[in-house]
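Sequence lines, in order, name chains A, B, C and D. Residue numbering for the first sequence follows the numbering used here, beginning at 1 and increasing consecutively. Residue numbering for the second sequence follows the numbering used here, beginning at 188 and increasing consecutively. Residue numbering for the third sequence follows the numbering used here, beginning at 375 and increasing consecutively. Residue numbering for the fourth sequence follows the numbering used here, beginning at 562 and increasing consecutively. Have a look at the structure below, then the notes.
There are 4 protein chains.
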Amino acid sequence: MAQARGNTRQRIQDVALELFAEQGYEKTSLREIAERLDVTKAALYYHFKTKEDILIGIFEDLTRPMDELIAWGHDQPRTLETKQEILRRYQEALLAAAPLFRFMQENQATVRELSIGLTFKERMIAVIGLIQEPEFSMTDKVRSVSAIFTMHAGTFFMENIEGDAEEKHEAVLEVALDLIGQAHQGA
Amino acid sequence: MAQARGNTRQRIQDVALELFAEQGYEKTSLREIAERLDVTKAALYYHFKTKEDILIGIFEDLTRPMDELIAWGHDQPRTLETKQEILRRYQEALLAAAPLFRFMQENQATVRELSIGLTFKERMIAVIGLIQEPEFSMTDKVRSVSAIFTMHAGTFFMENIEGDAEEKHEAVLEVALDLIGQAHQGA
Amino acid sequence: MAQARGNTRQRIQDVALELFAEQGYEKTSLREIAERLDVTKAALYYHFKTKEDILIGIFEDLTRPMDELIAWGHDQPRTLETKQEILRRYQEALLAAAPLFRFMQENQATVRELSIGLTFKERMIAVIGLIQEPEFSMTDKVRSVSAIFTMHAGTFFMENIEGDAEEKHEAVLEVALDLIGQAHQGA
Amino acid sequence: MAQARGNTRQRIQDVALELFAEQGYEKTSLREIAERLDVTKAALYYHFKTKEDILIGIFEDLTRPMDELIAWGHDQPRTLETKQEILRRYQEALLAAAPLFRFMQENQATVRELSIGLTFKERMIAVIGLIQEPEFSMTDKVRSVSAIFTMHAGTFFMENIEGDAEEKHEAVLEVALDLIGQAHQGA
DNA sequence: TATGAATGAGGGTTCATTCAT
DNA sequence: GATGAATGAACCCTCATTCAT
Numbered sequence: 001m002a003q004a005r006g007n008t009r010q011r012i013q014d015v016a017l018e019l020f021a022e023q024g025y026e027k028t029s030l031r032e033i034a035e036r037l038d039v040t041k042a043a044l045y046y047h048f049k050t051k052e053d054i055l056i057g058i059f060e061d062l063t064r065p066m067d068e069l070i071a072w073g074h075d076q077p078r079t080l081e082t083k084q085e086i087l088r089r090y091q092e093a094l095l096a097a098a099p100l101f102r103f104m105q106e107n108q109a110t111v112r113e114l115s116i117g118l119t120f121k122e123r124m125i126a127v128i129g130l131i132q133e134p135e136f137s138m139t140d141k142v143r144s145v146s147a148i149f150t151m152h153a154g155t156f157f158m159e160n161i162e163g164d165a166e167e168k169h170e171a172v173l174e175v176a177l178d179l180i181g182q183a184h185q186g187a
Numbered sequence: 188m189a190q191a192r193g194n195t196r197q198r199i200q201d202v203a204l205e206l207f208a209e210q211g212y213e214k215t216s217l218r219e220i221a222e223r224l225d226v227t228k229a230a231l232y233y234h235f236k237t238k239e240d241i242l243i244g245i246f247e248d249l250t251r252p253m254d255e256l257i258a259w260g261h262d263q264p265r266t267l268e269t270k271q272e273i274l275r276r277y278q279e280a281l282l283a284a285a286p287l288f289r290f291m292q293e294n295q296a297t298v299r300e301l302s303i304g305l306t307f308k309e310r311m312i313a314v315i316g317l318i319q320e321p322e323f324s325m326t327d328k329v330r331s332v333s334a335i336f337t338m339h340a341g342t343f344f345m346e347n348i349e350g351d352a353e354e355k356h357e358a359v360l361e362v363a364l365d366l367i368g369q370a371h372q373g374a
Numbered sequence: 375m376a377q378a379r380g381n382t383r384q385r386i387q388d389v390a391l392e393l394f395a396e397q398g399y400e401k402t403s404l405r406e407i408a409e410r411l412d413v414t415k416a417a418l419y420y421h422f423k424t425k426e427d428i429l430i431g432i433f434e435d436l437t438r439p440m441d442e443l444i445a446w447g448h449d450q451p452r453t454l455e456t457k458q459e460i461l462r463r464y465q466e467a468l469l470a471a472a473p474l475f476r477f478m479q480e481n482q483a484t485v486r487e488l489s490i491g492l493t494f495k496e497r498m499i500a501v502i503g504l505i506q507e508p509e510f511s512m513t514d515k516v517r518s519v520s521a522i523f524t525m526h527a528g529t530f531f532m533e534n535i536e537g538d539a540e541e542k543h544e545a546v547l548e549v550a551l552d553l554i555g556q557a558h559q560g561a
Numbered sequence: 562m563a564q565a566r567g568n569t570r571q572r573i574q575d576v577a578l579e580l581f582a583e584q585g586y587e588k589t590s591l592r593e594i595a596e597r598l599d600v601t602k603a604a605l606y607y608h609f610k611t612k613e614d615i616l617i618g619i620f621e622d623l624t625r626p627m628d629e630l631i632a633w634g635h636d637q638p639r640t641l642e643t644k645q646e647i648l649r650r651y652q653e654a655l656l657a658a659a660p661l662f663r664f665m666q667e668n669q670a671t672v673r674e675l676s677i678g679l680t681f682k683e684r685m686i687a688v689i690g691l692i693q694e695p696e697f698s699m700t701d702k703v704r705s706v707s708a709i710f711t712m713h714a715g716t717f718f719m720e721n722i723e724g725d726a727e728e729k730h731e732a733v734l735e736v737a738l739d740l741i742g743q744a745h746q747g748a
C-alpha cells in the first residue's frame, strides 16, 4: 500500500496505463486513477498538466525503444537480413510495451485527436518504410504492411486463440519473416 | 432540411455512424447527432431507447451480410476453393460496410464493453474458424488469422498509402489468398 | 387483454390509481400507464387534459361517498349516537376507497400542490368538525382528531401488524368509538 | 452570502431538508438547492454522492436521538411508567426533528423506495414494540399504535387547528398517555 | 508534495405535452 | 377514438480543471 516515496509520477503513469488499456482513455476518469493511488485528483495535477499529458508521458517513455529501432534501421543497408532483424526487434519492442500498444490499437479513434496520434501513425509508417521498397509491386507492398500488422494482430488478438504464448510468438514471427521474404524475392 | 418523413430512424443511424466513425463513440454526443439532423435530442429517444441502442441498430443492419456469409460458409465443403471464396466475399462485405468496420476497429476499447462487443469478436472468430483447421500447424493458424487481418488492415490502414484503390484491394485479396493457400498446402 | 371497448377512460383511471398508490404520483409516468394499457401516451390525452386531470377524475369518483357522508352528518343532531354512526360510515368509506386514501396519505407533499389538495384537507376538517364541538377541552379535541387518525392509521399502517383483517378493523373502530365517547362525556 | 467555510456540508443538509419538507423530495431539484446556497450543482456532488445521499445524511443525523430512545427503552423494565416515559421522550424527539418527520410523513411513497425507507418503518415498529405487549388484546394493540400515531398527527396535522402550540402538545401527550394507560390496564 | 473545495460545461435520459393525421 | 412523431424543459450526474492553502 505505502509504496516508496518520490515515485508518484511513475505510479500515476503505471496505474493510468493499466486503466487506459483496460477501459479505454475516455472511460477512464482522473478520479478513478486518483482513487487507485489513494491520492486526490489535485495531486495528479501537481505532476501532470492535463489528462492528455499523462498519456504523453507514458508514450514518450515506452516508445523510445521503437524510436531507437527506427534510427538504427535507417543506418543499415536495406538488405533482407536487415529487414528480418527489424522485424525481430519490432516484435520485441511490441512485447516489451504490450499494454501501451494494446491501448493504441484499441483507442485509435481517441488517439487520433490527441497530439500523440500523428506521432504514432508516423512511427508505423516509418517502420513500414524500412522494410518496403518503392519499386515493390503493389502486392509486395501489401505484404510488407501485412507483416507488420500480423505482428500486431499476433501479439494481441491471438490471445483468444489457444496455445502456448511462446510458441505463438514464434509462429507469428515466422509468418512475418515469410511475408517480407516473399516481398523481397518478388522484387 | 425537411427530408421526407418516416425515414428519421434511418437518418439517425446514418448520421450517427458517420460521426461515430469520425470522432469515436464516446466523443460523439447525442446533441451533436441531433443538431446535424435538425431535431431535438428527445427525438432521438423516440426512435432509440439509449445511445447504445443506436449503435446496436446500425450494427444489426450492416452486419447481416457477414452473418449470411458465415452461415453460407458453414454449409460448404471445407476445401481451399471454399475458403478462397469466403475471403473474396469477406472483402466485399468489409467494403460494403466500411464505415462500420472502421468504427469497430478504431473503438475496440469502447466496443468491448458494449453488448455488441462480444458479438463482434464472436463473428471474427467464426470467420477465422471457417478458414482454419484444427490440424493446422501453429504457423498455419497464424497465416489464417493473418489473412483476415490483412484484409482489415488493407481495407483501412492502406488508405494512408498511395495508389489506386481498386488496385490496392486486388493486391490485398491476393496476399490473403496467398496466405490461406500456403496454410492449406502446409497441412 | 382485449377489454370491452368504450371504457378506456375508466381503465386509465384504474391503472393510474394502482400505479400512483404503488409508486407515488411523481414517479409514475404517463408512459408507464400507457404501456400497461397497451395504448399510446397520446391516447391518454384524448381522455384527459393533463396528468393531474387523471388524478382529479379518480378523486371525484371515489370521494363522492365521503361527500355524501359529510352532507348526511350535517343534517343530523349532534348527538353521540350520530357521531358513532359517522365513524362507522367513515370507516366503510375509507375501506371502499382504500387505494385512493393510501395514495393521499403517502403523497401528501405532492397532493398539497395539486388542486385536489385543499379539497382533501377541507374534507378531513369537515369530518372532524362533525364529531368535535367548540366547547370541547383541548384534550377532547385531540381525542376527536385522534379518532379519525386512528382509523387512517388502522386502515393502512396496521397491515404491517399480524392478525386477521376483519378483526383488526373491528378493533380499530372500537378504539375510535371509545375516543369519541370519552371526548363526549368529558364535555 | 459568503458564510463561514467548512460548514458547506451542513448548509446543504439544512437547505435540502427545508426544501424537501416544503415541496417534497422529487419536486426539489438539486439546481434549486444549489441556487439557494449560491453554489453550483457540482459542489453538492463534492459533498454527497447522490441526491439520495443528501437525504440519508440528514436522516442519520436527526434520527440518532430516536435510536437512543429505542436503545434506552430496550433496557428498561416493561412497566407502565417506562412506557409513559417513552411517550414523553418520543414526543420530544419528534418535535426536535419536526421538519424531518413532517417530510417522512408527507413523502411516504417516495421514501418507501429509498434506502432509508425500511429503516424508518423499522424504527416505528421498534417504538411500537416497546409499548405494546404480545398478550394485549387486538383492541389494546390498536391503542398502542394509536398512541404513537396520535403523536404524529398531533405534532403535524394539528397545526391546522387553532390553539396555543404548547397547550396542544400537552393535550396530545395526555391522550397518548391515556391510550397506553387503558391498554395496560386492559391486559 | 500534496489536499479541500469548488466550478463550468456538458453528458445521457426522462417527462408531460402537442398536433397533424 | 386513437397514433406517430416530435418538442422543450428539466433532470441527475460526471468530468477535467483550478486555486488557495
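All residues carry an ideal CB built from backbone N, CA and C; glycine is no exception. Model, not experiment: these values are computed from the prediction.
Between leucine 578 of chain D and isoleucine 617 of chain D the beta-carbon gap is near 12 angstroms, outside 8 angstroms, which marks them as no contact. The beta-carbon of methionine 627 of chain D is placed no less than 8 angstroms from the nearest beta-carbon of chain C. Residue-level contact check: arginine 704 of chain D touches chain C, since one or more beta carbons of chain C fall below 8 angstroms from its beta carbon. Within 10 angstroms of the beta-carbon of glutamine 666 of chain D lie 16 or more other beta-carbons, which makes it buried.
Interface with chain C (8 angstroms Cβ-Cβ cutoff): methionine 665 of chain D is excluded. Excluding the 5 residues flanking it on each side, leucine 504 of chain C has same chain C-beta neighbours closer than 6 angstroms at Gly447, Ile460, in chain order. Rounded to the nearest angstrom, the Cβ distance from isoleucine 444 of chain C to leucine 418 of chain C is 31 angstroms, too far for a contact under 8 angstroms. Sequence-ordered contacts of the stretch 294 to 308 of chain B with chain A read Asn294, Gln295, Ala296, Thr297, Arg299, Glu300, Lys308 [C-beta pairs closer than 8 angstroms]. Nearest Cα to aspartate 240 of chain B within the set B:Arg310, B:Val359, B:Ile303: B:Ile303. With respect to chain D, the C-beta atom of threonine 524 of chain C has a partner C-beta closer than 8 angstroms. The beta carbon of valine 576 of chain D does not come within 8 angstroms of any beta carbon belonging to chain C, so the residue lies off that interface.
Here the alpha carbon of glutamine 271 of chain B sits roughly 45 angstroms from the alpha carbon of glutamate 222 of chain B.
Scanning its chain for C-beta atoms nearer than 8 angstroms, with the 5 sequence neighbours on each side dropped, one finds around alanine 284 of chain B the residues Leu249, Thr250, Pro252, Met253, in chain order. At a C-beta separation below 8 angstroms, glutamate 222 of chain B has no neighbours in chain A, since its nearest C-beta there lies roughly 19 angstroms away. Counting only runs of 4 or more residues that sit fully inside the stretch 43 to 102 of chain A, the alpha helix (DSSP H) segments are 51 to 74, 80 to 96, in chain order. The Cβ of glutamate 593 of chain D sits no closer than 8 angstroms to any Cβ of chain C. In this structure the stretch 162 to 175 of chain A does not lie against the stretch 346 to 357 of chain B, because fewer than three pairs of beta carbons, one per stretch, are closer than 8 angstroms.
With distances taken between CA atoms, arginine 497 of chain C lies nearest to C:Ala467 out of C:Ala467, C:Phe510, C:Asp514.
Remark: C-beta atoms of glycine 181 of chain A and serine 137 of chain A do not approach each other more closely than 8 angstroms. Straight through space, the alpha carbons of phenylalanine 681 of chain D and phenylalanine 523 of chain C are spaced by roughly 20 angstroms. Lysine 238 of chain B has its alpha-carbon roughly 37 angstroms from the corresponding atom of alanine 147 of chain A. Between valine 706 of chain D and isoleucine 722 of chain D, the C-beta gap is not smaller than 8 angstroms, which leaves the two residues out of contact. Judged by DSSP secondary structure, glutamine 559 of chain C falls within the alpha helix (DSSP H) whose first and last residues are 539 to 560. Beyond the five residues adjoining it in sequence on each side, arginine 592 of chain D comes within less than 8 angstroms, by CB distance, of Lys602 in the same chain, given in chain order. Put simply, of A:Gln23, A:Gly24, A:Tyr46, A:Ser29 the residue whose alpha carbon is nearest the alpha carbon of glutamine 10 of chain A is A:Tyr46. Here arginine 462 of chain C is exposed. Its C-beta has fewer than 16 other C-beta atoms within 10 Å.
In the DSSP annotation of this structure, lysine 214 of chain B is not part of any alpha helix (DSSP H), being labelled neither H nor E. Residues of chain B with a Cβ closer than 7 angstroms to the Cβ of threonine 139 of chain A are, in chain order, Ala358, Glu361, Val362. Among the residues facing chain D, glutamate 426 of chain C is not included, as its CB has no counterpart in that chain under 8 angstroms away.
Distance from the CA atom of glutamate 629 of chain D to the CA atom of glutamine 637 of chain D, rounded to whole angstroms, is 13 angstroms. For arginine 143 of chain A, the closest of A:Val175, A:Phe157, A:Leu95 by C-alpha to C-alpha distance is A:Val175. One finds Met325, Val329 in chain B with Cβ atoms closer than 8 angstroms to the Cβ of lysine 168 of chain A, taken in chain order.
Closest in C-alpha terms to glutamate 674 of chain D, from the list C:Thr382, C:Glu400, C:Asn381, C:Val389, comes C:Glu400. Within its own chain, the residues whose Cβ lies closer than 8 angstroms to the Cβ of threonine 110 of chain A, once the five positions on either side in sequence are excluded, are Gly24, Tyr25, Glu26, listed in chain order. Annotation: isoleucine 220 of chain B to phenylalanine 207 of chain B spans about 10 angstroms, alpha carbon to alpha carbon.
In this structure, the beta-carbon distance from leucine 267 of chain B to histidine 371 of chain B falls below 8 angstroms.
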